[in-house]
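First the structure, in the form of structure tokens, and then the observations on it.
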Amino acid sequence: MRRVAAFVLVACVTASGCSSYGSEYDAVAYYLRGGSAARSSVIQTCIERRISEKSRKEAAAALKVSEDRVGVVACNRIISGIASGRITREDYIALYGEQKITPNMENVLLAR
Numbered sequence: 001m002r003r004v005a006a007f008v009l010v011a012c013v014t015a016s017g018c019s020s021y022g023s024e025y026d027a028v029a030y031y032l033r034g035g036s037a038a039r040s041s042v043i044q045t046c047i048e049r050r051i052s053e054k055s056r057k058e059a060a061a062a063l064k065v066s067e068d069r070v071g072v073v074a075c076n077r078i079i080s081g082i083a084s085g086r087i088t089r090e091d092y093i094a095l096y097g098e099q100k101i102t103p104n105m106e107n108v109l110l111a112r
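One point on numbering: in this note's numbering, the residue at position 20 of the sequence shown is 20, and numbering is uninterrupted.
Now the structure itself:
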């Protein structure tokens with residue numbers, strides 16, 4: 001699961017020159033709250049990223065979706081989670097700074 005979340009956030013969110021993970025989260029969350037057009041743009045960019053076949057298979061198994069839907073499902077869940085506030089600043093910092101998936105992040109990824 002750690003690998004799935006790491007892929008999704010790295011693929012979906014590009015660093016904007018922020019000096020800390022917390023600042024980066026704040027900038028991304030602010031941008032995503034700009035409306036559906038902003039969200040759609042970030043989701044589409046995320047979906048267009050390519051991952052290895054091995055990672056795709058692992059993500060498909062973890063998310064319980066077909067391999068061809070991994071990008072769409074994962075990107076929608078993560079970006080919507082950040083935009084809605086379900087993925088918190090602490091979840092984001094844990095993933096990037098500590099390489100850990102919080103229970104909350106796992107719930108978002110698994111659509112619980």
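Even glycine gets a Cβ: it sits at the ideal position worked out from N, Cα and C.
Report the three-state DSSP secondary structure of residue i (helix, strand or coil).
i    : result
K57  : helix
S20  : coil
T45  : helix
I101 : coil
R89  : helix
S84  : helix
S52  : coil
V28  : helix
L110 : coil
V65  : coil
G35  : coil
Roughly how far, in whole angstroms, is the beta-carbon of residue i from the beta-carbon of residue j, given that I think they are within contact range, below 8 Å?
i   : j   : result
Y96 : Y21 : 5 Å
Which one of the options has the shortest CA to CA distance from residue i?
i   : options              : result
I43 : A61, R56, V70, L110  : V70
R50 : D68, T102, R86, V28  : D68
S23 : Y92, R112, E106, A62 : Y92
I'd like to know whether the C-beta atoms of residue i and residue j end up nearer to each other than 8 Å.
i    : j   : result
A59  : A83 : no
V108 : I87 : yes
Y25  : R77 : no
L32  : I79 : yes
Leaving out five residues before and five after residue i in sequence, what residues of the same chain have Cβ atoms less than 6 Å from its Cβ?
i   : result
A94 : K100, T102
Excluding the 5 residues preceding and the 5 following residue i in the sequence, name in chain order all residues of the same chain whose CB lies nearer than 8 Å to its CB.
i   : result
S36 : none
Between which residues of its own chain and residue i is the CB-CB distance below 7 Å, once the five residues before and five after are set aside?
i    : result
R112 : none
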